[in-house]
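Student:
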Amino acid sequence: MKRIAICAVAQHKCNSNQWDKRFQGMLLDVLEEIQEQTGFTFDEDTGVRNVITCSDDVFDARTISDNGVTDVVGAHYRGEEKMAQEGLNGLGYAMASILAGHDDVIYLAGHCKESQPESRNVCTNLAYDPFYGRPMGLDFLNVAGLQARAYVEKSGLTQQQMAKVVVRARQWAARNPYANATDQVEHGEVMASPMICDPIKSLHIYPISDGAVGFLLASEERAHEFSDNPVWITGFGCCMDSYFMGDRDIASNFALKKAAGRAYKMAGIKDPKKAIDLVEVMDCYAYQQPMWLEGLEFCKDGKGPKFIDESGPAKYNVNLSGGMLAGNPLMIGGLYRAAEAALQLMGDAGEHQAADVKRAVVQSTTGGAGQFHTVLVLEQ
Amino acid sequence: MAKKKKNRNVGIIGVGQTEYSSHKEYQNQAEMVNEAVRYALADANLSLDDIDCVIHGNMELFEMVHQPDMWHSLGSGAFGKDQLRITTGGTTGASLVCAADNLVASGMYDVVMAIGLEKLQEGHTTGGITNMADPLWFRHLQTGALTGSTASMMIEEFGEERAKIAAMKYRILMDKHACLNPRAHRRLGLDYDQMENLMNTSPKLVGELRLIHMCSQSDGACVMIFASEKKAKKLSDKPVWIRDHITIHREETFNNFGIERPEWTMRNAARKLFERNGIKDPLKYFDVFEMYDPSAWWGLDWLREFLLLDGDEHLKLLENGEFDLDGKLPVNPSGGVTASNPIGATAMLRPAEAAMQIRGDAGPQQIRKKVKHALASGFGGTMWTVMVMLEKELNW
Chain W
409 MKRIAICAVA
419 QHKCNSNQWD
429 KRFQGMLLDV
439 LEEIQEQTGF
449 TFDEDTGVRN
459 VITCSDDVFD
469 ARTISDNGVT
479 DVVGAHYRGE
489 EKMAQEGLNG
499 LGYAMASILA
509 GHDDVIYLAG
519 HCKESQPESR
529 NVCTNLAYDP
539 FYGRPMGLDF
549 LNVAGLQARA
559 YVEKSGLTQQ
569 QMAKVVVRAR
579 QWAARNPYAN
589 ATDQVEHGEV
599 MASPMICDPI
609 KSLHIYPISD
619 GAVGFLLASE
629 ERAHEFSDNP
639 VWITGFGCCM
649 DSYFMGDRDI
659 ASNFALKKAA
669 GRAYKMAGIK
679 DPKKAIDLVE
689 VMDCYAYQQP
699 MWLEGLEFCK
709 DGKGPKFIDE
719 SGPAKYNVNL
729 SGGMLAGNPL
739 MIGGLYRAAE
749 AALQLMGDAG
759 EHQAADVKRA
769 VVQSTTGGAG
779 QFHTVLVLEQ
Chain V
1056 MAKKKKNRNV
1066 GIIGVGQTEY
1076 SSHKEYQNQA
1086 EMVNEAVRYA
1096 LADANLSLDD
1106 IDCVIHGNME
1116 LFEMVHQPDM
1126 WHSLGSGAFG
1136 KDQLRITTGG
1146 TTGASLVCAA
1156 DNLVASGMYD
1166 VVMAIGLEKL
1176 QEGHTTGGIT
1186 NMADPLWFRH
1196 LQTGALTGST
1206 ASMMIEEFGE
1216 ERAKIAAMKY
1226 RILMDKHACL
1236 NPRAHRRLGL
1246 DYDQMENLMN
1256 TSPKLVGELR
1266 LIHMCSQSDG
1276 ACVMIFASEK
1286 KAKKLSDKPV
1296 WIRDHITIHR
1306 EETFNNFGIE
1316 RPEWTMRNAA
1326 RKLFERNGIK
1336 DPLKYFDVFE
1346 MYDPSAWWGL
1356 DWLREFLLLD
1366 GDEHLKLLEN
1376 GEFDLDGKLP
1386 VNPSGGVTAS
1396 NPIGATAMLR
1406 PAEAAMQIRG
1416 DAGPQQIRKK
1426 VKHALASGFG
1436 GTMWTVMVML
1446 EKELNW
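Protein sequences, first through last, are from chains W and V. Each residue of the first sequence is one higher than the one before, counting from 409 in our numbering. Each residue of the second sequence is one higher than the one before, counting from 1056 in our numbering.
Written out as structure tokens, the structure is:
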């Protein structure tokens, strides 16, 4: 299979209340930054003819959320398709569009302003069916609480270990110019932060964030027109778990293991611990970092806590961006992960650049308690 | 396939549709999806095990469900599989067909199942559509999907009598087709001797856009199954091939163009699609056109754009019966969107019906002459267009 290139990325700095800019303005900023980096145009013969956007109608409170952004993503009289899931899937779809031969250059842009809705929980409560789940008050936060409890039971994860994850995330975030929550927190502060959904404490929860991300993607043949050091997408996989919490083994990583297996297979990776030297996981809550790392096969089932204690995240360069715990919007959390991994592989990560990274894995999740997972493999 | 050949050919090997109706109280969204999935699998003689990837689309704010594919996974068969959700407003169904074409042609998946659906009964359609407008500038002006401007433009161009008669003739023709289609939602049994009466008595919505001209609000789901050439030939006796597809969007406002009419996305898309496929005379080349016609006025106006016609050629063709089932280019044998409109599925119904026509399996609305080349279109957002070209043979 041919490789697909990420030629350039642009991230809008995440903030908890970007009151001075509409999402259109944020998207225009990332578009102009990528055009500046690559010089790409929307020329019908040599430029971008198709755009992939990522956004969400409920978070934007707009039916057909992509119709408000057509001009600022350059899709006027061009093709545009919206990935109405977490945006990492948009990179998988861009890969398909290029491999299919339908396109050779694609601009992808995602946006989300979590500061606009009344609350995130009001939005995600709407993900539950109107008969059983919604009237019970389920939302992505409280189902994460259920999953965290199940994972604590299974793995023995402690509050100490979760605090460790948060402290480290903030340390790395301080070096990432695009991160939102860069204030340093002490171990004791995390331990003392209020309990929200036992065992999830307030500092374990990713901060409300507004952001926008852009990518320029190209076929293997055309990548070098836009970049001297493109990063290659070599594997993609995703997987859906069942819907009702009672039907799922919520501590099992069922969907993530399958998604990872498919992405690794496509990329020809047999042992991810040997093949991969940088990991970006979408850890919306502190317990998810060790749990998703189990699903990605960096440690055995139920051994995530031990992995944290033995500095596994440092060894594998996990979330040097600060991760979700430093604040990215839910709908494009995976896109921020991929942008960070791409910068690391390009050697452009600045103050938080890791040494000698050749291959990265990026993970994202959609739905409650990781019902759906996506995994992408990137290479130098 | 903008400039070069596809990586590999893609065939449609299964189609499943629920009946379309205004109410489906007996099933929830996941159950409605499941009904169409079962029909499609049965049509393709496959089981869920054969499906590599599921793609899903509808409009979140119509039913007010966030990430509805999560819930619908109870009926979609996506459990344990790769699944993507792609939406583009009214064009969603057609965008899913384009996406399936790309996903299969890429070599990443051999068999892809696409699901488009809407259960408009469970939401407020006009409220939902009004909510697409910019909250600062346009929401207080938006009237859902109702616009009277095409009617007034056509009246200005062709005279009141001719334009009004043509729009009504188009509407009654669509109803005649819908009456043949057992799945169509509105089958009113209209006849041409009612034209005069309907033109004057159907309630006005906006200007000369009257209730009878406008599309329905429907519940329903449509599912299509796509396979790579090798698999399609193995799994199906009569796969229908996707030759090419194109998407043309435009920005949301029209006001920065002044009074001059900009090129419609329908003509822009058709021009580019036909040029790169060497289609010189679309009217002659295609044997059927399934068009997303949200109202009789829009449908009639857009025929001129899609078929690259000039002046009143489209009116003449209609007046001479050339869009009838036995005409030069039958339009919407399904009855079109004025008959059935489950929005997230509507644009998939078009290539679905076109594929069934090519297969010869369209049922009572089957066109009598052989159908080899079919065209399907989707409409959505702020005058967005998707076009899909289907072929019976792999000989282009």
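Beta carbons: idealized from backbone N, C-alpha and C, even for Gly.
Going by beta carbon distance, what residues of the same chain come within less than 7 Å of residue 725(W), once the five residues before and after it are set aside?
Tutor: The residue labelled residue 725(W) in the question sits at position 317 within the first sequence. Answer for residue 725(W): 685, 686, 687, 762 and 765, listed in chain order.
Student: Between the alpha carbons of residue 1308(V) and residue 1098(V), how many angstroms are there, rounded?
Tutor: Within the second sequence, the letter at position 253 stands for residue 1308(V). Within the second sequence, the letter at position 43 stands for residue 1098(V). Residue 1308(V) and residue 1098(V): Cα-Cα distance of roughly 42 Å.
Student: Residue 1207(V) to residue 1260(V), Cα distance in whole Å?
Tutor: To locate residue 1207(V), count along the second sequence from 1; it is residue 152. To locate residue 1260(V), count along the second sequence from 1; it is residue 205. Each residue's Cα considered, the two are about 13 Å apart.
Student: Is the beta carbon of residue 1269(V) sitting closer than 8 Å to the one on residue 1178(V)?
Tutor: Within the second sequence, residue 1269(V) is the residue found at index 214, counting from 1. Within the second sequence, residue 1178(V) is the residue found at index 123, counting from 1. Contact: no.
Student: If I measure Cβ to Cβ from residue 417(W) and keep anything under 6 Å in the same chain, skipping five residues before and after, which residues do I get?
Tutor: For the purposes of this step, residue 417(W) is taken as residue 9 along the first sequence, with counting starting at 1. Correct list, in chain order: 623, 747 and 750.
Student: To the nearest angstrom, report how far apart residue 442(W) and residue 1256(V) are at their CA atoms.
Tutor: Position 34 of the first sequence, counting from 1, holds the residue named residue 442(W). Position 201 of the second sequence, counting from 1, holds the residue named residue 1256(V). About 56 Å.
Student: Restricting to Cα atoms, I'd like to know which of 460(W), 485(W) and 777(W) is closest to residue 492(W).
Tutor: Here residue 492(W) is taken as the residue at index 84 of the first sequence, counted from 1. Answer by Cα proximity: 460(W).
Student: Compare the beta carbon distance of residue 619(W) and residue 736(W) with 8 Å and say whether it is the shorter of the two.
Tutor: For the purposes of this step, residue 619(W) is taken as the residue at position 211 of the first sequence. For the purposes of this step, residue 736(W) is taken as the residue at position 328 of the first sequence. Yes.
Student: DSSP three-state label for residue 1298(V), please.
Tutor: Locating residue 1298(V) in the second sequence gives position 243, where the first residue counts as 1. Three-state result, residue 1298(V): strand.
Student: Run through the DSSP bridge pairs and tell me what residue 644(W) is partnered with.
Tutor: Here residue 644(W) refers to the residue found at position 236 of the first sequence. Answer is 784(W).
Student: Pick from 1409(V), 1304(V) and 1431(V): whose alpha carbon is nearest that of residue 1421(V)?
Tutor: Counted from its first residue, the second sequence places residue 1421(V) at position 366. Selected option, being the one with the closest Cα: 1409(V).
Student: Just mark residue 449(W) as buried or exposed, buried being the case when its beta carbon has 16 or more other beta carbons within 10 Å.
Tutor: Residue 449(W) sits at position 41 when you count from the first residue of the first sequence. The residue in question, residue 449(W), is exposed, as its Cβ has fewer than 16 Cβ neighbours within 10 Å.
Student: By DSSP, does residue 1259(V) sit in helix, in strand, or in coil?
Tutor: The residue you call residue 1259(V) lines up with position 204 of the second sequence. Strand.
Student: How big is the Cα-Cα spacing for residue 1401(V) and residue 615(W)?
Tutor: Mapped onto the second sequence, residue 1401(V) falls at position 346. Mapped onto the first sequence, residue 615(W) falls at position 207. Rounded to the nearest angstrom, the two C-alpha atoms are 39 Å apart.
Student: Kindly say whether residue 1079(V), judged by its beta-carbon, lies nearer than 8 Å to any beta-carbon of chain W.
Tutor: By one-based count along the second sequence, residue 1079(V) stands at place 24. Taking Cβ atoms only, chain W never reaches closer than 8 Å to residue 1079(V), which makes this a no.
Student: Out of 1101(V), 1434(V), 1315(V) and 1413(V), which one is the CA nearest neighbour of residue 1391(V)?
Tutor: Mapped onto the second sequence, residue 1391(V) falls at position 336. Of the candidates 1101(V), 1434(V), 1315(V) and 1413(V), the one whose C-alpha sits nearest the C-alpha of residue 1391(V) is 1434(V).
Student: With H, G and I counted as helix, E and B as strand and the rest as coil, what does DSSP make of residue 467(W)?
Tutor: The residue labelled residue 467(W) in the question sits at position 59 within the first sequence. DSSP places residue 467(W) in helix when its eight states are reduced to three.
Student: With C-beta atoms as the reference, is residue 1399(V) less than 8 Å away from residue 1147(V)?
Tutor: Taking the first residue of the second sequence as 1, we reach residue 1399(V) at position 344. Taking the first residue of the second sequence as 1, we reach residue 1147(V) at position 92. In this structure, residue 1147(V) lies closer than 8 Å to residue 1399(V) by Cβ.
Student: For a contact meaning CB atoms closer than 9 Å, what does residue 648(W) contact in chain V?
Tutor: The residue given as residue 648(W) occupies position 240 in the first sequence. Residues of chain V passing the Cβ test: 1109, 1124, 1125, 1128, 1131, 1133, 1134, 1135, 1136, 1137 and 1138.
Student: Contact between the region 712 to 721 of chain W and the region 561 to 576 of chain W: three or more CB pairs below 8 Å?
Tutor: Taking 8 Å as the limit for Cβ pairs, the verdict is that the region 561 to 576 of chain W does touch the region 712 to 721 of chain W.
Student: Distance, Cα to Cα, residue 1138(V) vs residue 1130(V)?
Tutor: Position 83 of the second sequence, counting from 1, holds the residue named residue 1138(V). Position 75 of the second sequence, counting from 1, holds the residue named residue 1130(V). C-alpha separation (whole angstroms): 13 Å.
Student: Residue range of the alpha helix (DSSP H) that residue 1460(V) falls in?
Tutor: An answer regarding residue 1460(V) cannot be provided, because it is not within the stretch 1056 to 1451 covered by chain V.
Student: Provide the residue(s) that pair with residue 1439(V) in DSSP beta bridges, ordered along the chain.
Tutor: As a working note, residue 1439(V) is residue 384 in the second sequence. BP columns for residue 1439(V) point to 1435(V).
Student: List, in order along the chain, the chain W residues whose C-beta lies closer than 7 Å to that of residue 1492(V)?
Tutor: Outside the displayed range of chain V (1056 to 1451) lies residue 1492(V), so it cannot be described from this structure.
Student: Name, please, each residue of chain W whose Cβ falls closer than 8 Å to the Cβ of residue 1141(V).
Tutor: Indexing the second sequence from 1 puts residue 1141(V) at position 86. Result: 489, 490, 491, 492 and 501.
Student: Leaving out the 5 sequence neighbours to the left and right, which residues in its chain are closer than 6 Å to residue 1447(V) when beta-carbon positions are compared?
Tutor: Taking the first residue of the second sequence as position 1, residue 1447(V) is located at position 392. If we look at residue 1447(V) and ignore the five residues flanking it on each side, its Cβ neighbours are 1413 and 1427.
Student: Please list the partners that residue 630(W) has in chain V, where partner means a Cβ-to-Cβ separation under 8 Å.
Tutor: Here the question's residue 630(W) lines up with position 222 in the first sequence. In chain order: nothing, as chain V lies at least about 11 Å away.
Student: Under the rule that 16 or more other beta-carbon atoms within 10 Å means buried, what is residue 1251(V), buried or exposed?
Tutor: What you label residue 1251(V) is simply residue 196 of the second sequence in a count that begins at 1. So residue 1251(V) counts as exposed.
Student: Please list the partners that residue 772(W) has in chain V, where partner means a Cβ-to-Cβ separation under 8 Å.
Tutor: To locate residue 772(W), count along the first sequence from 1; it is residue 364. The premise fails here: residue 772(W) is roughly 13 Å from chain V at the closest Cβ pair, so nothing lies under 8 Å.
Student: Would you tell me roughly how many angstroms separate the C-alpha atoms of residue 1302(V) and residue 486(W), rounded to the nearest one?
Tutor: Position 247 of the second sequence, counting from 1, holds the residue named residue 1302(V). Position 78 of the first sequence, counting from 1, holds the residue named residue 486(W). One C-alpha to the other measures close to 7 Å.
Student: What do you get for residue 773(W), buried or exposed, if any count of 16 or more other CB atoms within 10 angstroms of its CB means buried?
Tutor: The residue given as residue 773(W) occupies position 365 in the first sequence. Residue 773(W) comes out buried.
Student: Are there 16 or more other CB atoms within 10 angstroms of the CB of residue 1204(V), so buried, or fewer, so exposed?
Tutor: Within the second sequence, numbered from 1, the residue matching residue 1204(V) stands at position 149. Exposed, since its Cβ has fewer than 16 Cβ neighbours within 10 Å.
Student: Count the other CB atoms within 10 Å of the CB of residue 454(W); is the residue buried (16 or more) or exposed (fewer)?
Tutor: To locate residue 454(W), count along the first sequence from 1; it is residue 46. With fewer than 16 Cβ atoms within 10 Å of its Cβ, residue 454(W) is classed as exposed.
Student: Shorter than 8 Å from the beta carbon of residue 466(W) to some beta carbon of chain V?
Tutor: Within the first sequence, residue 466(W) is the residue found at index 58, counting from 1. So, interface residue.
Student: Distance cutoff 8 Å, beta carbons only. Does residue 1116(V) sit that close to anything in chain W?
Tutor: In the second sequence, counting from the first residue as 1, residue 1116(V) sits at position 61. Chain W contact via Cβ: present.
Student: Could you check what DSSP says for residue 1148(V) in three-state terms: helix, strand or coil?
Tutor: The residue labelled residue 1148(V) in the question sits at position 93 within the second sequence. Here residue 1148(V) sits in helix by DSSP.
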